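Participant:
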Amino acid sequence: MNEQKQDPQKHSLIRQINLWEIKSIEIIQQKAQVCRKTVIESLRTCINDIEMKSKDLNEQIKQIGEKNEFNEINLNDLRNELMKITQELNNPSNMSIQENFQPFMNDISIILSKSKFLRNNF
Numbered sequence: 524m525n526e527q528k529q530d531p532q533k534h535s536l537i538r539q540i541n542l543w544e545i546k547s548i549e550i551i552q553q554k555a556q557v558c559r560k561t562v563i564e565s566l567r568t569c570i571n572d573i574e575m576k577s578k579d580l581n582e583q584i585k586q587i588g589e590k591n592e593f594n595e596i597n598l599n600d601l602r603n604e605l606m607k608i609t610q611e612l613n614n615p616s617n618m619s620i621q622e623n624f625q626p627f628m629n630d631i632s633i634i635l636s637k638s639k640f641l642r643n644n645f
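Here is the structure:
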């Protein structure tokens, strides 16, 4: 009893709480890692698509330049296409983060039962 009084951190309930905390953190870290991996893979695909679109746009600019067909309509079309590519690069339309507010780990709580302590008077 003296030991628990002097160092309550060693109590088995505290150890259980600490273990729950460690396991919960591990679950969160694993979920975050899976999400990061998914985003990175998707970003690679998105960047490859954007590179292809940029090459196509560059080719269009070359062709218009070779034909000397720069006019307001062509320039507006090229500018709009460049703006779309830039927006897609900055904010990929196929990705977003959705938070699920339902817990994916076990919750814990402390239940204190009311009991009477009998004191022996000797």
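In terms of the numbering used here, the sequence shown opens at residue 524 and continues consecutively. Note that beta-carbon positions come from the ideal geometry of N, C-alpha and C, so glycine has one too. Predicted model only: the values in this text are computed from it and were never measured.
Going along the chain, which residues of its own chain have a beta-carbon closer than 8 Å to the beta-carbon of Val562, five neighbours each way excluded?
Facilitator: Translated into positions along the sequence shown, residue 562 becomes position 39. Excluding sequence neighbours, Val562 sits near Met618.
Participant: With distances taken between CB atoms, is the gap from Ile631 to Ile540 smaller than 8 Å?
Facilitator: The sequence position of residue 631 within the sequence shown is 108, counting from 1. The sequence position of residue 540 within the sequence shown is 17, counting from 1. Yes. Within cutoff.
Participant: What did DSSP end up calling Leu635 once you bin it into helix, strand or coil?
Facilitator: Numbered from its first residue, the sequence shown carries residue 635 at position 112. DSSP places Leu635 in coil when its eight states are reduced to three.
Participant: Check whether the region 543-556 touches the region 589-606, taking contact to mean three or more Cβ pairs, one atom from each stretch, closer than 8 Å.
Facilitator: Too few Cβ pairs lie closer than 8 Å, so no.
Participant: What residue range is occupied by the uninterrupted alpha helix (DSSP H) comprising Met575?
Facilitator: On the sequence shown, residue 575 is found 52 positions in, with the first residue counted as 1. From DSSP, the alpha helix (DSSP H) with Met575 extends over Ser535 to Lys590.
Participant: Please report the residue range of the alpha helix (DSSP H) in which Glu622 lies.
Facilitator: Position 99 of the sequence shown holds residue 622. Neither: Glu622 is in no alpha helix (DSSP H) and is coded neither H nor E.
Participant: If the criterion is Cβ atoms closer than 8 Å, does the pair Leu601 and Gln586 meet it?
Facilitator: What you label residue 601 is simply residue 78 of the sequence shown in a count that begins at 1. What you label residue 586 is simply residue 63 of the sequence shown in a count that begins at 1. Contact: no.
Participant: On the three-state DSSP scale, how would you describe Pro531?
Facilitator: Within the sequence shown, the letter at position 8 stands for residue 531. Correct three-state label for Pro531: helix.
Participant: Nearest CA to the CA of Lys578: which residue from Leu566, Lys554, Leu605 and Glu564?
Facilitator: Against the sequence shown, residue 578 aligns to sequence position 55. Closest option to Lys578, Cα to Cα, is Leu605.
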